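Contents: one structure, followed by commentary.
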Amino acid sequence: MNASNLHPDAIEQALADLSKPVQASADASVALWHAALRASRASATPPRRSVFTREIRLPQLATIAACLLLFLLASAIILPSLGKARSSARVATSAQVASDGLVMERTSPMQLKMMEGRPPPASTAPVSSPAIDLSPAQSPSLTPAPARQVVHKAAIDLRVTDVRGTFAKITLLPNEATGEYIETSSLTGEEPNIAASLTLRVAASRLSETLNALRTLGTVISESATGQDITDTVMDLEARLRNEERIEREVLALLDKRADSPLSEVLTVRTQLNDIRARIEAIKAQRERAGRMVALATIVINLRSQAQPLPVAEDSGIADYFIKSVSDAWQTSLRTLSDTAAFLIRTFLGGLVWWLLLGLLALGLWRLIRRLVRAQSREAAPTE
Amino acid sequence: MSDETLLARFAKGDDAALAELAGRYESSLIGLAAGLLDGRLDLAHDAVQESWMRVIKYAKSFEGRSSFRTWMYRIVINRCKDLRDRRAKEPLADESPPKIDESPLRLVAEHALQQDVRAAIGLLPPATRLLLLLCYHQGLTHTQAAQVLDIPLGTLKSRLAAALAQLRESLRDKETDHDTNAHTP
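Chains as they are written, first to last, in our numbering: chain B, 10 to 393; chain G, 22 to 206.
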């Protein structure tokens, strides 16, 4: 090739030559259009109107139907059984608690002591957990309603004329005969700046009554009450306890059966038995602690003299206000972030099985759609 | 008689109308298909025959939104693309088609520049190659090529200028390499 060959006309001519007409055949019987006509008539089928009627054949339909059926069956079987299992677990726990005498409010050692020789009056039934008491007389048939275990806490700030006198009156409110007691108490300062603080543990059923009594002792500055549901914790403890006890029985049975085993093996099994028993004791202790928390409500009382001026918030400047606002915003945003992360984890892990199923289904559908689209692009009428 | 009228007649069962259309376009279409398929006449024949089959199949549904010529060229171009894709996936291990540029007769007959242009155009992107071949195809004006590509005429011209510059550059590079090799002892 020389330089003259790169003349534009030469290039254009070469380009034109690349696609210059080529005669197929002068004979009509072997011409391409004729061959195409024969081939078309040989395989003439009525035009299909829809992509779906054209491409989805019986095996594909059967696959789709099977997938959908599987999904529906899984939904119909797994979801209710999960719910039933959860309900029956609650009922079983309640029934086990009732039948084994493990009702927290009534049978923890401390409560047994406090109830000793004094049957609880009807009014002292735990108001916080109406479904806990599953005695046959009160609850002839077991219902799936969960036995709620709620820890009650309350706080009250009072302004009184006589702090010392009121303090003394409050110390008389707990009924020691029923296990109620004063957890902490303090009396600080001199008149008129005297202040007192008490923490009472009273029966959950008497919380409302005790608060009413406190309100009559002075002017209520502020009051708050909270209830923390620890039903899940208690159920978990019960389940762990039953499991450990069953393991203990099995290990004991094993020990009995293999009495003639080598000493080293017996010692190993005994060590494991000791571990199991230690765990059982720890769980029982936790269960009793939870029972005490539920049985006795906590009331925090702050007493202040009427003559003592209320603490006045310092008149902070705009800088303090700004810092406080930023701090609040920071805390709120962290809480929101935590909530979001928890939600994502709950959604992802909780629905892992369903995500997998949905993923498989989506994959199948995607492949099917891709096949359809390809077939459509091959078969669709050419655009004009 | 216009192409569209002939197609309508064929749709009503007149095979002679199709023969008339084929007489007008078939050789041009084979030439274009051969250009798009690297000079492979066998593949070009396949592409054009498949295109006729589609014309036959969809003749009744042709609505005249474009001219028959534009429609036909688009079908052929799409068939060529499909064939290239298919061949890219299935290597031609057992096939031994007569490539035009490998045929001794054509090698003798073809000018050296044409071979160089064919080689250079083969290195261009598919869209650029299609543009060049369509624009210099004897059966089409630039306006018709723009209609086939569904782009405005101005766009076609600017793209053509760029494509030609690219082609010339490629050819110039090739020439430089050629001269360098020739002078190397």
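Idealized CB from N, CA, C, for every residue including glycine.
Here the structure is a predicted model, which is why all the values come from computation and not from measurement.
Check	Outcome
Using the C-alpha atoms, what's the distance from residue 347 (chain B) back to residue 166 (chain B)?	33 Å
Check for me: the beta strand (DSSP E) holding residue 210 (chain B) runs from which residue to which?	204-212
Which residues in the same chain have their Cβ closer than 7 Å to the Cβ of residue 373 (chain B), if we skip the five residues on either side of it in sequence?	76
Can you name, in chain order, every residue of its own chain whose Cβ lies under 8 Å from the Cβ of residue 357 (chain B), other than the five neighbours on each side?	364
Give the straight-line distance between the Cα atoms of residue 152 (chain G) and residue 177 (chain G), rounded to the nearest whole angstrom.	8 Å
If I'm right that residue 39 (chain G) touches residue 68 (chain G) with Cβ under 8 Å, what's the distance once you round it to whole angstroms?	Not confirmed; about 18 Å, so no contact.
Looking at C-alpha atoms only, which residue of B:350, B:238, B:207 is the closest neighbour of residue 310 (chain B)?	B:207
What does residue 26 (chain B) touch in chain G if you count any residue whose Cβ is under 7 Å from its own?	135
Along the region 72-87 of chain G, where does the CB come closer than 9 Å to a CB of chain B? Name the residues.	72, 73, 74, 75, 76, 77, 78, 79, 81, 82, 83, 84, 85, 86, 87
Taking 8 Å as the CB-CB cut-off, is residue 384 (chain B) touching chain G?	no
What does DSSP give as the partner residue(s) for residue 231 (chain B) in the beta ladder?	B:166
Near residue 16 (chain G), what residues of its chain come up, given a Cβ to Cβ distance below 7 Å and the 5 sequence neighbours on each side ignored?	The displayed coordinates of chain G run from 22 to 206. Any statement about residue 16 (chain G) would go beyond what the structure contains.
Could you check what DSSP says for residue 170 (chain G) in three-state terms: helix, strand or coil?	helix
Could you give the DSSP three-state label for residue 38 (chain G): helix, strand or coil?	helix
When the distance is taken between beta carbons, is residue 308 (chain B) closer than 8 Å to residue 160 (chain B)?	no
Assuming residue 28 (chain B) and residue 188 (chain G) make a contact with CB atoms under 8 Å, what is their CB distance in whole Å?	Contact flag wrong, Cβ pair sits at about 14 Å.
Report the three-state DSSP secondary structure of residue 51 (chain G) (helix, strand or coil).	helix
Please name the residue in G:77, G:197, G:149 whose C-alpha comes closest to that of residue 33 (chain G).	G:77
Shortest alpha-carbon distance to residue 313 (chain B) belongs to which of B:181, B:330, B:172?	B:172
Mind checking who residue 190 (chain B) pairs with in its DSSP beta bridge?	B:210
Should residue 253 (chain B) go down as buried or exposed, given a rule of 16 or more other Cβ atoms within 10 Å for buried?	buried
Which residues in the same chain as residue 295 (chain B) place their Cβ atom closer than 8 Å to its Cβ, once the five residues preceding and following it in sequence are excluded?	246
Can you list the residues of chain G that residue 41 (chain B) reaches, using a CB-CB cut of under 8 Å?	43, 47, 51, 66, 69, 70, 73
Rounded to the nearest angstrom, how far is the Cβ of residue 42 (chain G) from that of residue 27 (chain G), given a contact under 8 Å?	5 Å
Check each residue of the region 153-179 of chain G: if its Cβ is closer than 9 Å to any Cβ of chain B, include it; give the result in chain order.	153, 154, 155, 156, 157, 158, 159, 160, 171
So for residue 44 (chain G), helix, strand or coil by DSSP?	helix
Would DSSP call residue 184 (chain B) helix, strand or coil?	coil
Residue 391 (chain B) touches chain G at which residues, Cβ-Cβ below 7 Å?	75, 79, 92, 95, 96, 99
Which residues in chain G have a C-beta closer than 9 Å to the C-beta of residue 7 (chain B)? List them in chain order.	This structure cannot settle anything about residue 7 (chain B), because the visible part of chain B is limited to 10 through 393.
Among the candidates G:91, G:171, G:191, whose CA atom is the shortest distance from the CA of residue 137 (chain G)?	G:191
Do we get a CB-CB distance below 8 Å when we pair residue 55 (chain G) with the residues of chain B?	yes
Should residue 365 (chain B) be flagged as near chain G, meaning a C-beta pair shorter than 8 Å?	no
For residue 40 (chain G), decide whether its Cβ has a neighbour in chain B, counting only Cβ atoms nearer than 8 Å.	yes
Would you verify that the beta carbon of residue 335 (chain B) is, or is not, closer than 8 Å to some beta carbon of chain G?	no
When DSSP builds the beta bridges, which residues end up paired with residue 313 (chain B)?	B:168, B:204
State yes or no: is the beta carbon of residue 62 (chain B) nearer than 8 Å to at least one beta carbon in chain G?	The predicted position of residue 62 (chain B) is uncertain, since its pLDDT is 48 and thus under 50; no value can be drawn from it.
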